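Enquirer: Structure provided below as structure tokens; questions to follow.
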Amino acid sequence: MASCSSAGVDEDQLGEGDVVQKPSKIPKTSIWDTTDEESIQSQLIMSVLYNGGCLGLSYYDTESGQLCIMLDVAETKDYEILKRVIMQVEPSIVLSSSKQNENMQQILKDCSSPEGDTGSIFACSISVEVLPSVEFSK
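In terms of the UniProt record's numbering, the sequence shown opens at residue 1 and continues consecutively.
Put into structure tokens, the structure is as follows:
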């Protein structure tokens, strides 16, 4: 379902003796508002984009340095695939474009509902950051 590569390096380019290391410092941006380095090290940051009936999704594990990319898939109108992936991966942060349709924005809003909220289908609260659409274009 997903293919992973460490530190953004294609596994096909690695030789037997090559060593891939994660960056020694993680840049502080608005999504990392904490000064506790341990909490920064253990985050899963997911990026989602829905366009033309297809869902594109990737997530980055700050602890292992792995970037996992899911192949684009045809998404249902109810965003069942997105919901399932969010429940399985349990990201701490979800990044999305400001130009996503209202239904997807509602799903992401449900993700950020406080834990125990009866309207949320997710077990825990997830930080959702909506970024300008320029961040998601080619």
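Positions of the beta carbon are idealized from the N, C-alpha and C atoms, including for glycine.
Just so it is clear, the structure is predicted and the values come from calculations on it, not from any experiment.
Just reading off the alpha helix (DSSP H) that residue 142 is part of, what are its end residues?
Expert: Any property of residue 142 remains undetermined from this structure, which presents the chain solely from 1 to 138.
Enquirer: Which class does residue 64 belong to by DSSP, given the choice of helix, strand or coil?
Expert: Of the three classes helix, strand and coil, the one that applies to residue 64 here is coil, per DSSP.
Enquirer: In the DSSP assignment, what are the bridge partners of residue 129?
Expert: Residue 129 is bridged to 95.
Enquirer: Identify which residue in 45, 77, 65, 72 has its Cα closest to the Cα of residue 107.
Expert: Minimum Cα distance to residue 107 is reached at 77.
Enquirer: Between residue 128 and the rest of its own chain, which residues show a CB-CB distance below 6 Å, the 5 nearest in sequence each way excluded?
Expert: If we look at residue 128 and ignore the five residues flanking it on each side, its Cβ neighbours are 94, 108, 111, 112.
Enquirer: Anyone know if the C-beta pair for residue 147 and residue 131 falls short of 8 Å?
Expert: Since the displayed the chain opens at 1 and closes at 138, residue 147 lies outside it and no answer follows.
Enquirer: Mind reading off the beta-carbon distance from residue 140 to residue 75? Whole number of angstroms is fine, and I expect it under 8 Å.
Expert: Residue numbering for the chain in the displayed model covers 1 to 138; residue 140 lies beyond these limits and cannot be assessed.
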